[in-house]
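In what follows, a single structure is set out as structure tokens and then discussed.
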Amino acid sequence: MLLLVVCLLVLMLGSALAVITTAHLTREQYARLQRLEQEEDQLQTEWGQLLLEESAWSSPARIEKLASERLNMRLPDVNEAEVIRP
């Protein structure tokens, strides 16, 4: 009878330690999940800012302005345009 009580006590302590370990690991993983979600939010914000910057740098008005100022490019006059037919 004493052996049965000791075995049940050991099993109960083992079960309690397993519950404690599982709860601890769950809390650690949840904290990690929170950090990763926060990092995802930061990366999404940065991605949006980069998209806005890209659209500003590649706007047709800006490119036309740079072409005329830096490369001395201009639109051809009507008399300078030639139509090439296949």
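Numbering-wise, this note's numbering puts 70 at position 86 of the sequence shown, and it's gapless, one number per residue.
Note that the Cβ used here is the ideal one computed from N, Cα and C, for glycine as well.
Treat the numbers as computed from the prediction; the structure is a model and nothing was measured.
In its own chain, leaving out the 5 sequence neighbours on each side, no residue places its CB closer than 7 Å to the CB of residue 45.
Excluding sequence positions up to five before and after residue 9, its CB lies less than 8 Å from no other CB in the same chain. Apart from sequence neighbours up to five positions away, the residues of its chain that approach residue 51 with a beta-carbon distance below 8 Å are 57, ordered along the chain. Rounded to the nearest whole angstrom, the CA to CA distance from residue 40 to residue 18 is 33 Å.
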